[in-house]
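According to the working numbering, the stretch in the sequence shown is residues 189 to 836, in order. Virtual Cβ for every residue (Gly too), placed ideally from N, Cα, C. This one's a predicted model, so the numbers in the text were calculated from it and none came from an experiment. Comments concern the structure below.
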Amino acid sequence: MKRFFPFLIDAFLLFGISFLFQSYTNQKNFRIDILGISIFSFILYTAIRWKSFKENPFPFWTLFLTVLLLSFVFLKIAEYDPIQLFPQKLGIKIIALTWILFLLFSFHFVSTETFLILAPFLAIVPVISFVDFMAYPSIPIAIALLLTMRDPKNLDLKNSKTIFLLSILVIFAIIVRDWWDDFALQRAVLLLEAFLFYCVIKKWDRSQVIYLLKAILLFFLLNSLSIYFGIFKDPNFQVTSYHEEIYLIPVSLLASNSLLMIMISMMLWFETNQSRLERGFYVLVLLASLIWFGITVSRNSIGSFLLFLLLVIFLIQKPKNKRLVSYLIVFLVLGIGAYFLFYSEKSILSLGSTSVRFSIWKYYILATIQSNPLFGFGMYPENKIPFVITSGFDSGSLYYIKDYIYNFASFPLAHNLYIQFFGSFGIVGSITFLSILCINFLRKGTSLKKALKNNLMLTLIFFVWLIHEFYDFNSLEISNLFLLVSLLVLYKIPEKNQEISRSNNYNLLPKMTIGFVLSFLTIVSVRFAYIDHYTLKYAKLVTPNNFEYYISKKEEINQTQVNTPMSFAENFFFGNKLFFYHYAIEQNFESKLKLLRYCFDLQSYPAICYSKLNQFQTGNRYFPELKPYFEFFLDMYDPFAIYKRGEL
């Protein structure tokens, strides 16, 4: 039975991945091509290694599942590809083929045991390395975790079972609270997956973690070169112009991701036994990241890089002529300042930008204290806080926030990880988190200081990153979250490589606990996959909107028969994103009324519901005498008049 159980999970995974490939996609030809490339590469390699396959087929089976997972990852990337580098998605196919060959290379040259541990996460490197847009990145990550946790020994929790269970309970409480809010739920699920990822990799050998980091750097470099080529081909792209996003990627996220890549490549440079080829590779990653700094012109990330460089020079390299090095750094800072002054539309210190951020921070704090002081607004506070009426807030700050909302056509982002955390979890959550940190520091003060000192380069990375997050909150983004977890786990792994013990001395969780976690990840993946399937299938009927989720294209809807009726329970299970999608494409009078009723029953923040009710009443002239009341309630719940703008 013990041998049968993993194969049962494998059969379930194979069925699940096959099912995901059958869902609707706007890249039907690409789906066939990527499956063909993947399976052909696997069959060809297996034929070459036929003797090894006959001796032990299990590693080849894991390789097959990994290749299928990788194919699914690139299919999801292709569905939202904003670059269109070559016709017929050739650019993505080239990167996909390169990564398949990298998987085969890893399988061939690393030990079988190491590959079985690393394989699922090498397949999802395209998800956790670069900031490629993917609607639901938690789905492939869940599959990778399922592949890993089919063997309970991969989740060794020696001396930490209680901490694991408490952490799981807290994360599940966050998930239950945010269940209906699709964007908040996605963040909460990614938080759960990052925690499970940490529990899995903290027992790895140091060399295995380093190998994963190198794979992440490699994919970052491949993707960067691909986009640079796209920029070079685009005659309308101006490097020196102000960019809010580059091919749908927010510049602050792109710059912060590049900052982490720079710091990791410099850390790996100082690892022992690095060949010239590896160090040349780190230099290429460094150059690619610096180019992103020049394109995005992110002052926060550039300043953080200069601080990191300064600390590395004076604390690790310790130059003999410190005065000369100081002059060189001043020259570098002046050069960057000249770039801002003459070639960039940004200034080094923008008081306007700083004033807006201070105003948003103040509003987040006051709104949380006055409205949800104990437990905050959940994992996605930015779409709830603007609808909170706060007392004692000055009109100048309100003007800055309102100007931000209108100019960027989005809810005000905190641009500060710590303010974002307070808005999400309130006073109780913040105090609990700080208490845990203090308790751990007091309990492990001596060993913690020793670990920080022995891993000085790693410590500098986290120190600079914590400062960087005072002016942004990119730690919550997937491309940075899993990188930070991978770095954090290096503190727990000894410097010298150690073989993983396969003895029976394990402190394993009950199978029911692991089964519950894996079952939950499966349920959430089914939900997200269904939403993705539905929104892709009827994408031509709506226009995405930051404030209303979707705005209907009535001329398209009238030509398409769409069956949308869903019960209250179904609307609750699938969440607000799919709910407002249904509302946008629903044209039946009675069904529209039912959805409006559901909106008030399901939605905790009613501003958008009153907005929909007002639009419905105006469009259908339904009880026109009630319109003043609808507008009164809308004004009461919408202090920034977001839903009274003409285009909405």
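Checklist line | Helix, strand or coil at isoleucine 271 [DSSP, three-state] | finding: Mapped onto the sequence shown, residue 271 falls at position 83. Here DSSP, grouped into helix, strand and coil, assigns isoleucine 271 to coil.
Notebook entry, point to check: Going by beta carbon distance, what residues of the same chain come within less than 8 Å of valine 544, once the five residues before and after it are set aside?
Noted result: Taking the first residue of the sequence shown as 1, we reach residue 544 at position 356. Cβ neighbours of valine 544 beyond the five flanking positions: Tyr588, Ile589, Asp591 and Tyr592.
Checklist line | Close Cβ partners of isoleucine 432 (< 8 Å) along its chain, the five nearest in sequence each way excluded | finding: The residue you call residue 432 lines up with position 244 of the sequence shown. Here the sequence assigns glutamate to residue 432, which means isoleucine is not the residue at that position. Excluding sequence neighbours, glutamate 432 sits near Pro438, Val439 and Phe596.
Next item on the list: Reducing DSSP to helix, strand and coil, say where proline 423 ends up.
Entry: As a working mapping, residue 423 is identified with position 235 in the sequence shown. Residue state, collapsed to three classes: coil.
Check: Distance, Cα to Cα, alanine 795 vs lysine 815?
Finding: Taking the first residue of the sequence shown as position 1, residue 795 is located at position 607. Taking the first residue of the sequence shown as position 1, residue 815 is located at position 627. For alanine 795 and lysine 815, the distance between alpha carbons rounds to 15 Å.
Checklist line | proline 569 classed as buried or exposed, judged by whether at least 16 other C-beta atoms fall within 10 angstroms | finding: For the purposes of this step, residue 569 is taken as the residue at position 381 of the sequence shown. By the 10 Å Cβ count, proline 569 comes out buried.
Notebook entry, point to check: Around the C-beta of histidine 770, are 16 or more other C-beta atoms found within 10 angstroms, so that it is buried, or is it exposed?
Noted result: Numbered from 1 along the sequence shown, position 582 holds the residue referred to as residue 770. Buried is the call here.
Check: Considering only the beta carbon of each residue, do threonine 469 and isoleucine 649 sit closer than 9 Å?
Finding: Taking the first residue of the sequence shown as 1, we reach residue 469 at position 281. Taking the first residue of the sequence shown as 1, we reach residue 649 at position 461. Checking the sequence, you will find phenylalanine at residue 469 rather than threonine. Not closer than 9 Å, so no.
Check: Does the pairing of the stretch 575 to 585 with the stretch 542 to 558 give three or more beta-carbon distances under 8 Å?
Finding: These segments touch.
Margin query: Quick check on the DSSP output: what are the complete alpha helix (DSSP H) runs of length 4 or more inside the stretch 354 to 398, in order along the chain?
Written below: Inside the stretch 354 to 398, DSSP marks whole alpha helix (DSSP H) runs of 4 or more residues at positions 370 to 389, from first to last along the chain.
Notebook entry, point to check: Of the residues Asp366, Phe609, Arg631 and Leu630, which one's Cα is nearest the Cα of serine 663?
Noted result: If you number the sequence shown from 1, residue 663 lands on position 475. Ranked by how close their Cα comes to the Cα of serine 663, the residues Asp366, Phe609, Arg631 and Leu630 have Phe609 in first place.
Note to self: Quick check: the stretch 371 to 391 against the stretch 279 to 288, are at least 3 beta-carbon pairs closer than 8 Å?
What the structure shows: Fewer than three beta-carbon pairs drawn from the stretch 279 to 288 and the stretch 371 to 391 are found closer than 8 Å, and the two stretches are therefore not classed as touching.
Item checked: Cβ contact (3+ pairs, closer than 8 Å) linking the stretch 405 to 413 and the stretch 458 to 473 -> Yes: the two stretches touch, three or more of their Cβ pairs being nearer than 8 Å.
Item checked: Reduced DSSP category for proline 827 - H, G, I as helix; E, B as strand; rest coil -> Residue 827 sits at position 639 when you count from the first residue of the sequence shown. Residue state, collapsed to three classes: coil.
Next item on the list: Could you tell me whether the Cβ atoms of tyrosine 793 and asparagine 571 are closer together than 9 Å?
Entry: Sequence index remark: in the sequence shown, residue 793 carries index 605 (1-based). Sequence index remark: in the sequence shown, residue 571 carries index 383 (1-based). Yes. Within cutoff.
Notebook entry, point to check: Per the contact definition of three or more C-beta pairs closer than 8 Å, is the stretch 329 to 337 in contact with the stretch 297 to 313?
Noted result: Yes: the two stretches touch, three or more of their Cβ pairs being nearer than 8 Å.
Checklist line | Bridge partners - isoleucine 437, DSSP secondary structure assignment | finding: Taking the sequence shown and counting its residues from 1, one reaches residue 437 at position 249. Ile434, per the DSSP bridge assignment.
Margin query: Using DSSP's beta-bridge definition, name the partner residues of tyrosine 737.
Written below: Locating residue 737 in the sequence shown gives position 549, counting from the first residue. Within the DSSP secondary-structure output, tyrosine 737 pairs in a beta bridge with Asn733.
Notebook entry, point to check: When the distance is taken between beta carbons, is alanine 476 closer than 9 Å to tyrosine 430?
Noted result: Position 242 of the sequence shown, counted from the first residue, corresponds to residue 430. Position 288 of the sequence shown, counted from the first residue, corresponds to residue 476. Taking 9 Å as the cut-off, the Cβ atoms of tyrosine 430 and alanine 476 do not count as close.
Notebook entry, point to check: Comparing alpha-carbon positions, which option in Leu503, Phe246 and Val358 lies nearest phenylalanine 195?
Noted result: Position 7 of the sequence shown holds residue 195. Looking at Leu503, Phe246 and Val358, the one whose alpha-carbon comes closest to that of phenylalanine 195 is Phe246.
Check: In the stretch 760 to 795, which residue ranges form an unbroken alpha helix (DSSP H) of at least 4 residues, counting only runs that do not cross its ends?
Finding: Counting whole runs of 4 or more residues, the stretch 760 to 795 contains the alpha helix (DSSP H) stretches 777 to 790.
Note to self: Less than 9 Å between the C-beta atoms of phenylalanine 581 and leucine 554, yes or no?
What the structure shows: Translated into the one-based positions of the sequence shown, residue 581 becomes position 393. Translated into the one-based positions of the sequence shown, residue 554 becomes position 366. Yes. Within cutoff.
Checklist line | Spatial distance of asparagine 642 from leucine 676 (CA atoms) | finding: The residue given as residue 642 occupies position 454 in the sequence shown. The residue given as residue 676 occupies position 488 in the sequence shown. Roughly 14 Å separates the two Cα atoms.
Check: Using the C-alpha atoms, what's the distance from serine 559 back to glycine 204?
Finding: Numbered from its first residue, the sequence shown carries residue 204 at position 16. Numbered from its first residue, the sequence shown carries residue 559 at position 371. In this structure, the CA atom of glycine 204 is about 42 Å from the CA atom of serine 559.
Notebook entry, point to check: Where phenylalanine 321 and asparagine 217 are concerned, what is the direct C-alpha to C-alpha distance, given to the nearest angstrom?
Noted result: As a working mapping, residue 321 is identified with position 133 in the sequence shown. As a working mapping, residue 217 is identified with position 29 in the sequence shown. So the two alpha carbons sit approximately 20 Å from each other.
Notebook entry, point to check: If you draw a straight line from the alpha carbon of asparagine 445 to that of lysine 277, how long is it in whole angstroms?
Noted result: As a position in the sequence shown, residue 445 is number 257, starting the count at 1. As a position in the sequence shown, residue 277 is number 89, starting the count at 1. Going from the Cα of asparagine 445 to the Cα of lysine 277 covers about 25 Å.
Note to self: Less than 8 Å between C-beta atoms, sequence neighbours within five positions excluded: which residues of the same chain meet that for threonine 213?
What the structure shows: Here residue 213 refers to the residue found at position 25 when the sequence shown is read from its first residue. Here the set comprises Arg219, Leu263, Glu267 and Leu724.
Next item on the list: Drop a sphere of 10 angstroms on the beta-carbon of glycine 611, count the other beta-carbons inside from all chains shown, and report buried for 16 or more, exposed for fewer.
Entry: Taking the first residue of the sequence shown as 1, we reach residue 611 at position 423. Here glycine 611 is buried. Its C-beta has 16 or more other C-beta atoms within 10 Å.
Check: When the distance is taken between beta carbons, is phenylalanine 661 closer than 9 Å to asparagine 734?
Finding: In the sequence shown, the residue the question calls residue 734 occupies position 546. In the sequence shown, the residue the question calls residue 661 occupies position 473. Their beta carbons are not under 9 Å apart, which means asparagine 734 does not touch phenylalanine 661 by this criterion.
Notebook entry, point to check: What is the DSSP secondary structure of threonine 578, reduced to helix, strand or coil?
Noted result: As a working mapping, residue 578 is identified with position 390 in the sequence shown. Judged by DSSP in its simplified three-state form, threonine 578 adopts coil rather than helix or strand.
Next item on the list: Take the Cβ of threonine 149 as the centre, count every other Cβ of all protein chains shown within 10 Å, and call the residue buried at 16 or more, exposed below.
Entry: A query on residue 149 cannot be resolved here, the shown segment of the chain reaching from 189 to 836 and no further.
Margin query: Please state the DSSP three-state secondary structure of lysine 742.
Written below: Taking the sequence shown and counting its residues from 1, the one referred to as residue 742 is at position 554. Collapsing the DSSP output to three states places lysine 742 in a helix.
Next item on the list: For the alpha helix (DSSP H) holding lysine 832, just list the boundary residues, first then last.
Entry: Mapped onto the sequence shown, residue 832 falls at position 644. No alpha helix (DSSP H) holds lysine 832; DSSP gives it neither H nor E.
Margin query: Between the alpha carbons of aspartate 198 and leucine 709, how many angstroms are there, rounded?
Written below: Position 10 of the sequence shown, counted from the start, is the residue given in the question as residue 198. Position 521 of the sequence shown, counted from the start, is the residue given in the question as residue 709. Put simply, the backbone Cα of aspartate 198 is about 16 Å away from that of leucine 709.
Check: Going straight from the alpha carbon of glutamate 657 to that of aspartate 369, what length do you get?
Finding: Taking the first residue of the sequence shown as 1, we reach residue 657 at position 469. Taking the first residue of the sequence shown as 1, we reach residue 369 at position 181. Straight-line measurement puts the Cα of aspartate 369 at about 25 Å from the Cα of glutamate 657.
Item checked: Inter-stretch contact at 8 Å, needing at least 3 Cβ pairs: the stretch 294 to 304 / the stretch 451 to 470 -> Taking 8 Å as the limit for Cβ pairs, the verdict is that the stretch 451 to 470 does not touch the stretch 294 to 304.
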